[in-house]
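Enquirer:
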Amino acid sequence: MIGYGNAGRGDDGLGPAFAERLARANLKDCFIDIDYQLTVEHALQVADAQTVLFADALIGGDTPFRFAPVQADSAADIASHSLLPEAVLALAELLYGKAPEAFVLGIQGESFGEVAEGLSDVAQANLDLAEKFILEWLASSKKNVLLASSAC
Amino acid sequence: MAEPRLIEISPVTRVEGHGKVTIHLDANNQVDEARLHIVEFRGFERFIRGRLLWEVPVIVQRLCGICPVSHHLAAAKAMDGICGVDELPPTAEKMRRLMHYGQVMQSHVLHFFHLAAPDLLFGFGAPAEKRNIFEVIKENPELGRRAIAMRQFGQEIIEATAGKKIHGTGAIPGGINKNLPIATRDAFLAKIDDMLLWTQDALAMARGYTLEHSKLVAEFASFPSNYMSLVREGDGALDLYHGKMRALDAAGDTIFDNLDYRNYQDVLLEDVRSWSYMKFPFIREIGPENGWYRVGPLARMNTANFIDTPLANAALTDLKSVTNGAPNRSTLANHWARMIEVVHCVEKIQELLLDPDLQGTDLKATGERREEGIGVIEAPRGNLIHHYKVDENDQVTYCNLIVSTTHNNEGMNRAVKDVAVKHLSGKEQITEGMLNHVEVAIRAYDPCLSCATHALGQMPLEVELFDAEGALIDSRQRAG
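If you read the sequences in order, they're chains A and B. Note that our numbering has the first sequence beginning at 1, numbered continuously upward. Note that our numbering has the second sequence beginning at 1001, numbered continuously upward.
1. Between B/ASP1418, B/ASP1235, B/PRO1068 and B/VAL1419, which has its C-alpha nearest B/GLN1155's C-alpha?
2. If I'm right that A/LEU91 touches A/GLN71 with Cβ under 8 Å, what's the distance once you round it to whole angstroms?
3. Starting from the beta carbon of B/GLY1144, find every residue of chain A whose beta carbon is closer than 8 Å, and list them in chain order.
4. Per DSSP, what are the beta-bridge partners of A/GLN108 in this structure?
5. At the 8 Å Cβ level, is A/ALA148 part of the contact set with chain B, yes or no?
6. Let me know if A/ASN6 comes out buried or exposed under the rule of 16 or more other beta-carbons within 10 Å of its beta-carbon.
7. Please say whether B/GLN1106 and B/ARG1151 have beta carbons closer to each other than 8 Å?
8. Kindly give me the distance between the Cβ atoms of A/LEU38 and A/SER82, rounded to whole angstroms, as I take these residues to be in contact under 8 Å.
9. DSSP on B/ILE1133, reduced to helix/strand/coil?
10. Looking at the secondary structure, which residues open and close the beta strand (DSSP E) in which B/GLY1373 lies?
11. If you follow the beta strand (DSSP E) that B/GLY1382 is part of, which residue opens it and which one closes it?
12. Using a C-beta to C-beta distance shorter than 7 Å, which residues of chain A count as neighbours of B/ARG1443?
13. Are any of the Cβ atoms in chain A nearer than 8 Å to that of B/LYS1165?
14. Please check if any C-beta of chain A sits within less than 8 Å of the C-beta of B/ILE1148.
15. For B/THR1161, does the count of other Cβ atoms within 10 angstroms reach 16, so buried, or fall short, so exposed?
16. So, at 7 Å on beta carbons, what are the nonlocal neighbours of B/PHE1223 in its own chain, with the 5 sequence-adjacent residues on each side left out?
17. Just the chain A side, please: which residues come within less than 9 Å of B/PRO1141 by C-beta, in chain order?
18. How big is the Cα-Cα spacing for A/LEU27 and A/LEU135?
19. Are there three or more Cβ pairs, one per stretch, closer than 8 Å when the region 1337-1349 of chain B is compared with the region 1301-1313 of chain B?
20. By how many angstroms is the C-alpha of A/ASP121 removed from the C-alpha of A/GLY13?
21. I'd like to know whether the C-beta of B/ILE1137 is nearer than 8 Å to at least one C-beta of chain A.
22. Looking at the strands, I want to know which residues DSSP matches up with B/HIS1423.
23. Taking Cβ to Cβ, would you say B/ILE1166 is nearer than 8 Å to B/MET1099?
24. Return helix, strand or coil for B/LEU1088, following the three-state DSSP convention.
25. Can you give me the C-alpha to C-alpha distance between B/ALA1218 and B/ASN1302, rounded to a whole angstrom?
26. Identify whether B/GLU1139 lies in helix, strand or coil by the three-state DSSP scheme.
27. If contact means a Cβ-Cβ distance below 9 Å, which residues of the region 1394-1419 of chain B contact chain A?
28. Name, going along the chain, the residues of the region 56-67 of chain A whose beta-carbon falls closer than 7 Å to a beta-carbon of chain B.
29. Quick one: does A/GLY15 have its CB under 8 Å from some CB of chain B?
30. Give the straight-line distance between the Cα atoms of B/ARG1046 and B/ASP1391, rounded to the nearest whole angstrom.
31. With a cut-off of 8 Å, does the C-beta of A/SER111 fall near any C-beta of chain B?
32. Considering only the alpha carbon of each residue, which of B/GLN1030, B/GLU1008 and B/ASN1132 lies closest to B/GLY1426?
33. CA-CA distance, B/GLU1432 and B/GLY1125?
34. Tell me, please, whether the CB atom of B/GLU1462 is closer than 8 Å to any CB atom in chain A?
35. Using three-state DSSP, classify B/THR1303 as helix, strand or coil.
36. Looking only at C-alpha atoms, which of B/LEU1036, B/PRO1004, B/HIS1111 and B/LEU1025 sits nearest to B/ASN1408?
Here you go:
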């Protein structure tokens, strides 16, 4: 699992916060990483994984969180130092010939952009719901998960 | 006769943060004005007020997810001053240097291979669907794997010295909080030969591009300016972590030299303009009109007398020979300079890894408390200034940051204007490829607009074409 985002930008820290929650759950065979954003070297990590979960903050959604499969897409160009999950997966496929099963978890936030620490009440509540959902999903699917979390 | 037009590139891609370019064409399709605007502002200096001095080097990393280590180290140096420490124990300084070389290396590698390479390999005007990193990798997958391995090496150095991958705590006021274990050192040494080899290959690529495209390099956003950086005290060598401030004019003559960076406000002032949130620094004695200057890799090659590592110094001599020792004014030569610095960083990393001081246990110095501290480093993108004042409760009461991209503000605006005039003037139709020329010029400075505005963001590209009355007549957009 990769949880990504900047905890100094309010609810942008939802991805890292989710990763920290998962880390406390002590999941077996689950590697958890936290970063400011997805970058090219994450392609190396996901290439080693059987399943990848990208956890990010969600802006503008109408549900507490969204969970969906994601696939490699080289049309998701690398336009900055920060990559989309599709681009990380495309790099893993292109460079290392690996195409792990992958999912994106977007957790709805409310307060973004401003320099601020801590999650909003809405984000906290959505984080709780997302954590419950993922733990149930993991239990039901018995997945060995590499979890990555970030928020941008 | 055509109507006057306004073209916007908003935001600019493959740079960090939010910005846009506006280009005004007159009735004869000649470029009348071209500007790089910063369209967002976050008040980080206000946020930092009230925080305790010891936590500042950690908190400032939240300023930017792209170059947090630069802010970590500049803030730590400023807090050294507040703690009355002017000289760190050797282990502390060398651990910080190792961290810094690791971050400069990984930042430059990412910029060259992933952000600049598509333009350099396929041409500035190549179709947008061709001009991306995936097409580069398809043509040379081994190059792609090396680039990621080099980037990861730098990231691992950061993690080993800062303590954590993000929000590192390695540098503390007055020193460092850990040394480097032997096992960690040996793991890095096992990879260092590959890194030296691969970075020299990267240098050869950048040099080759510059020389093979000498006509383009000589005319593309190439203009005289002043240059400023730190250089090592005493001998004027390139020094990315510490030194005295030096500024040269376009002819290479000294404007100021051997200046203690704690006196930066004696020589630099910041101008503001109504159309941008980013300030315009200039050299006080020359004034805002002609006192602007450029910083960053090429500026450092211009200001440094030499480089104290053999491979990088040979490359510097080679670079300087192109201009017969005069300052190199070409925006595109920044790529060559950036790769010289990558080689230098790996040479310095090797030198440090072999130094037993990294296993020393004297990690922190103390001194007599002061109310004010100023820390300056040469970040990947150029000179970075952190300036703080604290009260008797150790709380920050004042913060001023001048980041590399802000130093380069006027230079980037001149580059935009130069390229717009040369590549857009007189054209009836403006294509995406033409507009990419403007972005290439900005991108060569590797600007971090997130830092410059103290904001974090992404940059999808939006180009809008307006008629003389301000009505939108055409637009293009692509995701960032």
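Quick reminder that beta carbons are idealized off the backbone N, C-alpha and C, glycines included. Small disclaimer: the values here were computed from a predicted structure and weren't measured.
Expert: Let me spell this out:
1. Here residue 1155 of chain B refers to the residue found at position 155 of the second sequence. Closest option to B/GLN1155, Cα to Cα, is B/PRO1068.
2. In the first sequence, the residue the question calls residue 91 of chain A occupies position 91. In the first sequence, the residue the question calls residue 71 of chain A occupies position 71. For A/LEU91 against A/GLN71, the beta-carbon gap comes to about 13 Å, at or over 8 Å, which does not count as contact.
3. Here the question's residue 1144 of chain B lines up with position 144 in the second sequence. Taking a Cβ-Cβ cut-off of 8 Å, the neighbours of B/GLY1144 in chain A comprise LEU91, LEU94 and LEU95, given in sequence order.
4. Translated into positions along the first sequence, residue 108 of chain A becomes position 108. Looking at the DSSP assignment, A/GLN108 forms a beta bridge with A/LEU58.
5. Indexing the first sequence from 1 puts residue 148 of chain A at position 148. Here the model assigns A/ALA148 a pLDDT of 47, short of 50, so the residue's position is not dependable, and the following value carries that caveat. Residue contact with chain B for A/ALA148: absent (no Cβ-Cβ distance below 8 Å to any residue of chain B).
6. Numbered from 1 along the first sequence, position 6 holds the residue referred to as residue 6 of chain A. Within a 10 Å sphere around the beta-carbon of A/ASN6 sit 16 or more other beta-carbons, which makes this residue buried.
7. Position 151 of the second sequence, counting from 1, holds the residue named residue 1151 of chain B. Position 106 of the second sequence, counting from 1, holds the residue named residue 1106 of chain B. Yes, they are a contact pair.
8. What you label residue 38 of chain A is simply residue 38 of the first sequence in a count that begins at 1. What you label residue 82 of chain A is simply residue 82 of the first sequence in a count that begins at 1. In this structure, A/LEU38 and A/SER82 form a Cβ contact; the two beta carbons are roughly 6 Å apart against a cut-off of 8 Å.
9. Taking the second sequence and counting its residues from 1, one reaches residue 1133 of chain B at position 133. Here DSSP, grouped into helix, strand and coil, assigns B/ILE1133 to helix.
10. The sequence position of residue 1373 of chain B within the second sequence is 373, counting from 1. In the DSSP assignment, B/GLY1373 falls within the beta strand (DSSP E) that extends over 1372-1379.
11. The sequence position of residue 1382 of chain B within the second sequence is 382, counting from 1. For B/GLY1382, the enclosing beta strand (DSSP E) stretches over residues 1382-1390.
12. Counting from one through the second sequence, the residue named residue 1443 of chain B turns up at place 443. By Cβ distance, chain A contributes nothing, its closest Cβ being about 10 Å from B/ARG1443, past 7 Å.
13. Walking along the second sequence from the start, residue 1165 of chain B turns up at place 165. Yes - at least one Cβ of chain A is within 8 Å of the one on B/LYS1165.
14. To locate residue 1148 of chain B, count along the second sequence from 1; it is residue 148. For B/ILE1148, the answer is yes, since a Cβ of chain A falls inside 8 Å of its Cβ.
15. Here residue 1161 of chain B corresponds to residue number 161 of the second sequence, with the count starting at 1. B/THR1161 comes out buried.
16. Counting from one through the second sequence, the residue named residue 1223 of chain B turns up at place 223. Beyond the five residues adjoining it in sequence on each side, B/PHE1223 comes within less than 7 Å, by CB distance, of ARG1329, ARG1414 and ASP1418 in the same chain, given in chain order.
17. As a position in the second sequence, residue 1141 of chain B is number 141, starting the count at 1. Per Cβ cutoff of 9 Å: LEU94 and LEU95.
18. Here residue 27 of chain A corresponds to residue number 27 of the first sequence, with the count starting at 1. Here residue 135 of chain A corresponds to residue number 135 of the first sequence, with the count starting at 1. Distance between the alpha carbons of A/LEU27 and A/LEU135 is about 9 Å.
19. Touching, per the Cβ criterion.
20. The count along the first sequence starts at 1 and reaches residue 13 of chain A at position 13. The count along the first sequence starts at 1 and reaches residue 121 of chain A at position 121. The alpha-carbon atoms of A/GLY13 and A/ASP121 are separated by roughly 13 Å.
21. Numbered from 1 along the second sequence, position 137 holds the residue referred to as residue 1137 of chain B. By this cut-off, B/ILE1137 is an interface position.
22. Within the second sequence, numbered from 1, the residue matching residue 1423 of chain B stands at position 423. When beta bridges are read from the DSSP output, B/HIS1423 appears opposite no residue.
23. The residue labelled residue 1166 of chain B in the question sits at position 166 within the second sequence. The residue labelled residue 1099 of chain B in the question sits at position 99 within the second sequence. The answer is no: Cβ separation not under 8 Å.
24. For this step, residue 1088 of chain B is matched to residue 88 along the second sequence. In the structure shown, the three-state DSSP call for B/LEU1088 is coil.
25. Within the second sequence, the letter at position 218 stands for residue 1218 of chain B. Within the second sequence, the letter at position 302 stands for residue 1302 of chain B. One C-alpha to the other measures close to 16 Å.
26. Residue numbering aside, residue 1139 of chain B sits at position 139 when the second sequence is read from its first letter. Helix, per DSSP.
27. If you check each beta-carbon in the region 1394-1419 of chain B against every beta-carbon of chain A, none falls closer than 9 Å.
28. Within the region 56-67 of chain A, no residue has a Cβ that lies closer than 7 Å to any Cβ of chain B.
29. Position 15 of the first sequence, counted from the first residue, corresponds to residue 15 of chain A. Residue-level contact by beta carbon fails for A/GLY15 and chain B, as no gap is shorter than 8 Å.
30. Here residue 1046 of chain B corresponds to residue number 46 of the second sequence, with the count starting at 1. Here residue 1391 of chain B corresponds to residue number 391 of the second sequence, with the count starting at 1. Spanning the two alpha carbons is a distance of roughly 15 Å.
31. In the first sequence, counting from the first residue as 1, residue 111 of chain A sits at position 111. No, A/SER111 lies away from the interface with chain B (no Cβ there is under 8 Å from its Cβ).
32. The residue you call residue 1426 of chain B lines up with position 426 of the second sequence. Sorting B/GLN1030, B/GLU1008 and B/ASN1132 by C-alpha distance to the C-alpha of B/GLY1426 places B/GLN1030 at the top.
33. If you number the second sequence from 1, residue 1432 of chain B lands on position 432. If you number the second sequence from 1, residue 1125 of chain B lands on position 125. Distance between the alpha carbons of B/GLU1432 and B/GLY1125: 8 Å.
34. Along the second sequence, read from residue 1 onward, the residue named residue 1462 of chain B stands at position 462. Below a pLDDT of 50, predicted positions are generally treated as unreliable, and B/GLU1462, at 47, falls in that range; no measurement from the model is reported.
35. Counting from one through the second sequence, the residue named residue 1303 of chain B turns up at place 303. In this structure, B/THR1303 counts as helix in the three-state DSSP scheme.
36. Indexing the second sequence from 1 puts residue 1408 of chain B at position 408. The shortest Cα separation from B/ASN1408 among B/LEU1036, B/PRO1004, B/HIS1111 and B/LEU1025 belongs to B/LEU1036.
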